[in-house]
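Working notes, structure below.
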Amino acid sequence: SVARTPEPGPVPKDSIRLYSMRFCPYAQRTRLVLHAKGIKFDTINIHLRNKPEWFLEKNPLGMVPTLETPAGEVIYESPITCEYLDEAYPEKKLLPSTPFGKARQRMMLEHFSNVELHFYKIPVRRLKGEDVSGLEAELKVSLTKLDEHLVKKKTKFFDGDTITMIDYMLWPFFERIEMGDLEPFLDNTPELKKWRAHMLEDPAVKATIHSVESHKAFFKGYAVEKPDYDYGL
Amino acid sequence: MSSEKSFAAGSPAPGPVPKDQVRLYSMRFCPFAQRTRLVLHAKGIKFETINIHLKQKPDWFLEKNPDGLVPIIETPAGEVVIESVITSEFLDEVYPEKKLLPATPFGKAQQKMMLEHFSKITPQLFKISSARRKGDDVSGLEAELKEKFTSLNEYLVKRKTKFFGGDTITFIDYMMWPFFERLGMFEVQHCLDHTPELKKWTELMLEDPAVKATMHSTENHKTFFNNFLDGKPDYDYGL
């Protein structure tokens with residue numbers, strides 16, 4: 004990913020393009036869906052601190068993940084990209100087919116969105132010596148609720164015994180637990196630990212995962228505003 | 022349940038939702054709940070409303086949704102759906118008549134992206150109100166708001182359509198409307214002065230039957246809002 008890279012050509016007719024960043028948890032959601040559904044795609048990683056003009060023309064907000072279709076349609080915001088893919092590609096549906104099933108997953112995501120960034124804010128602010136007790140308390144409550152949900156449902160995954168959309172939407176943050184030294188938060192959430200173990204066996208997770216070392220190395224730079232987007236290449 | 026009076030703590034729990042309708046838990050002046058009400062009216066869905074006293078919430082209400090927020094939709098099967106956008110999408114998917122969201126995946130995505138852009142405007146409105154109340158200078162905040170209105174205006178100009186999703190009202194128009202209905206309440210109506218297409222859109226929206234069925238006058242909004250900001254909301258104002 005380089006700022007002055009020339010604009011890529013059009014998206015091939017039988018494919019879809021993902022603008023991404025290798026360590027972005029939000030972009031990982033879209034990558035998980037692409038892999039899980041067996042969708043043909045190419046990836047262009049974007050240097051997020053020095054965005055190419057041609058990228059900002061496609062998405063003025065300049066965020067990843069962004070999808071581009073052969074017809075030139077641009078879609079952004081991780082949940083919007085994931086729902087778009089699930090609707091546009093009928094094989095291996097990840098969202099439930101009923102309106103209430105979809106609503107149920109959207110509500111779960113809405114609740115989780117209140118603490119997503121805590122997975123980053125807590126370690127970053129700890130490094131700066133700031134008080135994170137409030138954030139920690141909120142994250143604990145959220146993880147306890149997720150654990151209780153699994154206990155109550157008695158299923159391997161959040162919406163049944165097979166992986167569905169909500170599992171992929173949550174996963175990237177749980178992949179980064181060790182990165183943020185957040186392991187103690189899972190001490191009293193055994194079902195959530197089991198869920199993590201199940202997720203680690205999933206082919207889409209395996210295709211998109213980074214090792215704890217890589218996450219920690221990237222985070223080191225990120226935490227001091229010097230992210231190395233190409234770490235490991 | 023024909024009364025619109027709000028249910029406070031201690032009020033008896035309502036019975037099950039009758040088989041041929043849905044129930045909306047709401048508050049008469051809530052802009053988020055108005056989104057769901059607009060969808061219910063626009064699609065001609067049979068529904069009953071239970072208004073909730075948001076400062077003294079009944080236990081039975083908190084059992085349905087511990088977050089305790091409105092709007093909530095409850096079905097005869099006892100399914101509970103929360104959150105203004107999620108309830109609106111749910112209703113559009115369950116009730117096939119008068120589809121408000123486009124049929125194509127990209128059409129839906131476009132409306133959701135527009136809503137995401139718009140969602141950055143709502144906190145601005147409340148910020149301007151509280152800053153003005155404190156006697157702070159709001160010209161900077163108003164300038165930012167005007168820029169956002171200009172973007173919306175340019176969108177309408179570029180598309181050459183009357184509404185945000187085409188030449189008929191769709192989902193995105195209803196999701197945005199409650200906040201535009203309250204521009205007078207927020208005292209930022211003048212921020213529309215240089216955005217004629219956006220102004221025209223508000224005039225067209227005021228002619229819509231669902232808007233007419235759910236709206237309040239600027240006066241009523243102002244009275245409710247001032248009481249609300251004073252910490253003494255009168256959820257039953259006007260009844």
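Top to bottom, those sequences are chains C and E.
Counted the way the working numbering counts, the first sequence spans residues 4 to 236.
Counted the way the working numbering counts, the second sequence spans residues 22 to 260.
A virtual CB, placed ideally from N, CA and C, is assigned to each residue, including glycine.
Treat the numbers as computed from the prediction; the structure is a model and nothing was measured.
- The Cβ-Cβ distance between LYS64(E) and LEU136(E) does not fall below 9 Å.
- In this structure, the CA atom of LYS40(C) is about 29 Å from the CA atom of GLU100(E).
- Between MET182(C) and LYS219(C), the beta carbon gap of about 5 Å places them in contact (Cβ cut-off 8 Å).
- Separation of PRO63(C) and MET24(C) (C-alpha to C-alpha, rounded to the nearest whole angstrom) is 17 Å.
- Taken through DSSP and simplified to helix, strand or coil, ASN53(C) comes out as coil.
- Per DSSP, reduced to three states, the secondary structure at GLY65(E) is coil, with no helix or strand assignment.
- Residue nearest to ASP89(C) within the set LEU130(C), VAL208(C), MET168(C) is MET168(C) (criterion: CA-CA distance).
- Proximity to LEU142(C) across PRO73(C), TRP198(C), PRO187(C) peaks at PRO187(C), based on C-alpha coordinates.
- Rounded to whole angstroms, PHE201(E) and GLU165(E) show a C-alpha spacing of 16 Å.
- When rounded, the separation of the alpha-carbon atoms in LYS16(C) and THR72(C) is 8 Å.
- When Cβ-Cβ separations below 9 Å define contact, PHE185(E) makes no contact with chain C.
- Using a 10 angstroms sphere on the CB of LEU37(C), the tally of other CB atoms reaches 16 or more, which defines it as buried.
- ARG58(E) sits in a helix when the DSSP states are folded into three classes.
- In this structure, PRO28(C) lies away from PHE160(C), with their beta-carbon atoms at least 9 Å apart.
- Spatial neighbours of PRO97(E) in its own chain (CB-CB distance under 6 Å, excluding positions within 5 residues in sequence) are listed in chain order as VAL38, LYS40.
- In this structure GLU119(C) is buried. Its beta-carbon is surrounded by 16 or more other beta-carbon atoms within 10 angstroms.
- No Cβ-Cβ contact shorter than 9 Å links ARG56(E) with TYR256(E).
- Any Cβ of chain C closer than 9 Å to the Cβ of MET134(E) would place that residue at the interface, and such an atom is present.
- Our two residues, GLN108(C) and VAL106(E), have alpha carbons roughly 13 Å apart in a direct line.
- Taken in chain order, the members of the region 108 to 126 of chain C whose beta-carbon sits within less than 9 Å of a beta-carbon on chain E are ARG109, MET110, GLU113, HIS114.
- A contact between stretches requires three or more CB pairs, one per stretch, nearer than 8 Å, and the region 242 to 258 of chain E fails this requirement with the region 216 to 234 of chain E.
- Listed along the chain, the chain C residues whose CB falls inside 7 Å of the CB of PRO35(E) amount to none; the nearest CB is some 20 Å away.
- Boundaries around VAL215(C) are those of the alpha helix (DSSP H), 215 to 226, since no beta strand (DSSP E) includes it.
- Linking LYS233(E) to LEU227(E) through their CA atoms gives a straight-line distance of about 7 Å.
- Close partners of GLU202(E) in chain C (Cβ separation under 7 Å) are lacking, with about 24 Å as the shortest Cβ gap.
- Against PRO102(C), the close residues of chain E are PHE111, GLU114, VAL115, in the order they occur along the chain (beta-carbon pairs closer than 7 Å).
- Taking a contact as a CB-CB distance under 8 Å, the pair LEU97(C) and TYR171(C) counts as one, their CB atoms being some 7 Å apart.
- The beta carbons of THR108(E) and VAL102(E) sit about 5 Å from each other, so the pair counts as a contact at 8 Å.
- Sequence-distant partners of LEU138(C) (beyond 5 residues in either direction) whose C-beta falls short of 7 Å from its own C-beta, in its chain, are HIS121, LYS124, ILE125.
- For chain E, the residues of the region 65 to 97 of chain C that bring a beta carbon within less than 7 Å of one of its beta carbons are GLU76, ILE78, TYR79, GLU80, ILE83, TYR87, GLU90, ALA91, in chain order.
- Boundaries around GLU240(E) are those of the alpha helix (DSSP H), 239 to 250, since no beta strand (DSSP E) includes it.
- Using a 10 angstroms sphere on the CB of GLY132(C), the tally of other CB atoms stays under 16, which defines it as exposed.
- With contacts defined by Cβ atoms closer than 9 Å, ASN86(E) and PHE28(E) do not form a contacting pair.
- Neighbourhood of LYS155(C) in chain E, by CB distance below 8 Å: empty, with the nearest CB roughly 14 Å away.
- Excluding the 5 residues flanking it on each side, PHE246(E) has same chain C-beta neighbours closer than 6 Å at MET206, in chain order.
- Sequence-ordered contacts of the region 120 to 131 of chain E with chain C read THR125, PRO126, PHE127, LYS129, ALA130, GLN131 [C-beta pairs closer than 9 Å].
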